[in-house]
Amino acid sequence: MPSSSGPSIDTITEGGRVTQVGEGQEAEETAPPVMTFGAPTAGEILAERYELVEHINNDSAGRLVWRGVDVILRRPVAVVLRYPGGDSATEMLQAAVAASRVIHPNLVGVYDAIDEDVRAYVVREWVDGRSLRELVADGPLDPARATAIGNAVASAMAAVHATGMVHGNVHPGTVMISDDGRVVLADARTDGDDSQEADIRAVGGILYFALTGHWPHAEAPLRGATAGHGRAAIPDAVRDASGAIAAPRQVRAGVPAYLDDLTMDLLDAEIAPPSSDVLSAELGRLDIPAEDHFLDQTGTIRFTADGVEDRSPLAAAGGRKVAIGIAGLLAVALIGLLIGINTLGGDDDPQTEPVARPSASTPAGDATPAPAVRKLNIQDIRIIDPDSRQRNELGDAEKMLDGDEDKGWETDTYYSANFSNYKKGMGVWIDLGAPHTVKSLTATLSDSGVSAALFTGTGDFPSSSQGDKDLVKGFKTRIGQPFEQHDGTKMAFDGFDPEQKYQYLLFWITELPSTERGFKLGVQEISVQGS
């Protein structure tokens with residue numbers, strides 16, 4: 001008879017299709033348990049509603065997984081049953097009730113939880129499909145599909161952790177992929193023996209397994225599993241003589257560096273993992289269609305002027321710059337009118353020399369005094385994000401010009417300082433409206449520890465991924481030296497050539513500061529001084 005004291009299973013709800021619990025943990029079940037009083041039979045109807053159709057398998061704790069039908073709603077269900085019920089099933093039922101409160105498309109749905117004393121059962125969503133363990137048995141997955149599965153699991157974790165719960169049982173047998181491609185996480189445990197950090201590191205294990213076909217935690221068997229069950233039946237990771245696991249890129253070719261680094265960081269006990277919501281956001285950025293996975297993930301950023309089209313600044317600024325230009329023309333006309341009046345004013349004012357003529361006391365050959373340095377008016381400002389397809393970090397650029405250092409533009413939260421190795425950097429593009437002699441640019445930042453550089457170039461391009469790529473190519477001249485992990489929150493660049501004039505600038509960020517929840521930067525204000 002199955003043990004009545006094994007750990008309970010808990011799954012988590014979603015308002016759509018369902019995944020059978022425990023599927024894939026032990027596909028090669030040797031023999032069903034000895035039937036005793038309370039054992040189910042095919043055709044039996046539980047609670048006058050759920051008809052048992054077929055015994056699928058047993059989960060790692062000995063509970064029976066049946067395919068059934070809700071005879072009232074006429075929909076397929078999974079029934080996870082244990083006997084006897086009563087006190088021995090309390091934890092299982094409580095876990096099911098708690099799980100039913102978390103609604104997420106990547107979590108299995110819980111419909112009902114019933115205790116009949118002689119037996120207890122949980123009715124859950126049924127999904128036709130295979131476990132990740134079964135799927136990878138045909139061979140490791142391509143990086144794009146592995147990323148998509150990791151993203152789904154991390155999203156499910158974020159939903160669970162937001163309620164204070166822990167899943168506690170993330171491995172290739174509990175990650176289900178339906179026939180229509182949906183990824184669902186099942187068979188959670190809430191016995192208090194695991195932590196949210198362990199859940200997050202397990203997502204690294206899922207990525208590792210999907211990319212290599214090996215499980216990096218095979219030395220830690222599934223609680224309640226018997227020989228050949230659960231994690232213990234999954235091939236162990238490739239290890240060196242010291243027991244350290246080989247990186248995915250060492251196991252197979254074609255794994256991108258950023259995905260390899262993320263996976264190994266999640267598995268490294270010496271590196272603190274991000275929170276589940278930060279990890280979910282990071283994998284969401286990486287989860288793009290395979291045909292769009294064209295980004296070069298190696299090397300440093302290069303700035304070249306090839307193919308740059310120098311477009312009129314009015315084309316990008318539109319009516320705002322036209323209005324400023326008209327105002328400027330009116331001001332010039334007004335000054336001209338005043339000069340004309342003074343010139344033609346008669347004998348009362350015999351001045352006929354130009355107003356701007358140097359005084360007679362100025363020594364011959366001396367240069368005209370340089371105009372006074374002032375804060376220049378920034379005509380246009382825009383976020384440049386050439387390596388992102390989602391482009392969800394482009395808003396609030398105007399807050400960098402509002403004079404309020406408590407408000408500004410900010411990046412998303414990343415897993416590591418170098419944008420999680422997903423992009424080479426991000427920039428703030430600045431248009432001064434016309435060429436100016438520039439003295440300095442100052443950026444006020446939210447935190448210290450930022451690495452950035454300043455470039456100048458020509459041209460303006462549409463705000464799109466390709467437009468940003470083309471724009472960056474035209475910014476090849478660096479102003480001054482880059483700042484590496486700047487120790488303050490005021491970053492000032494003053495390496496401008498006094499003999500040249502500048503209109504377009506690119507403040508390029510290459511490394512983010514550490515925050516409590518990951519790596520993120522806010523640029524509160526940007527100002528340019530010149531004449």
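For the sequence shown, the residue numbers in full-length UniProt numbering are 1 to 531.
Note that the Cβ used here is the ideal one computed from N, Cα and C, for glycine as well.
Computed from a predicted model, the values in this text were never measured in an experiment.
Beta carbon of residue i nearer than 8 Å to that of residue j
i	j	result
S100	I200	no
H217	V238	no
Y258	N421	yes
G68	V77	yes
L132	A47	no
T442	S531	no
H171	Q196	no
K375	Q503	no
L205	L267	Here residue 205 turns out to be Gly, not Leu, going by the sequence shown. Yes, these two residues count as a Cβ contact at 8 Å.
G139	S178	no
A452	F419	no
S463	R389	no
A417	S280	no
Y208	P248	yes
A148	D265	no
I381	D468	no
Exposure label - residue i; buried when at least 16 CB within 10 Å
i	result
D460	buried
G181	exposed
R119	buried
D260	buried
I72	exposed
D387	buried
N377	exposed
R63	buried
G518	buried
R82	buried
K423	buried
E511	buried
P435	exposed
E499	exposed
Per-residue DSSP class, three states only, for residue i
i	result
P462	coil
E91	helix
M491	strand
A113	strand
F209	helix
K473	helix
G129	strand
H161	helix
E511	strand
A241	coil
G403	coil
I200	helix
Q529	strand
Q485	strand
P143	helix
R67	strand
A42	coil
V118	coil
P248	helix
D187	coil
E398	helix
R374	strand
A148	helix
N421	helix
S388	coil
V438	strand
G181	coil
S416	coil
L521	coil
E282	helix
D431	strand
A452	strand
Y258	helix
L73	coil
G457	strand
A253	coil
D447	coil
Cβ-Cβ separation, residue j to residue i (assumed contact under 8 Å), whole Å
i	j	result
M400	E525	6 Å
S154	V203	Strictly speaking, residue 154 in this sequence is Ala, with Ser absent from that position. A154 to V203, Cβ: 5 Å. Contact.
K490	Y414	Contact flag wrong, Cβ pair sits at about 23 Å.
D112	V102	Going by Cβ atoms, the distance from D112 to V102 rounds to 16 Å, so no, they are not a contact pair.
G522	W409	7 Å
K439	F493	In fact, because the Cβ distance is near 10 Å, the residues do not count as touching under 8 Å.
M176	A98	Contact flag wrong, Cβ pair sits at about 20 Å.
Mind the definition here: the region 451-458 touches the region 469-476 only if three or more C-beta pairs lie below 8 Å; say whether that holds. yes
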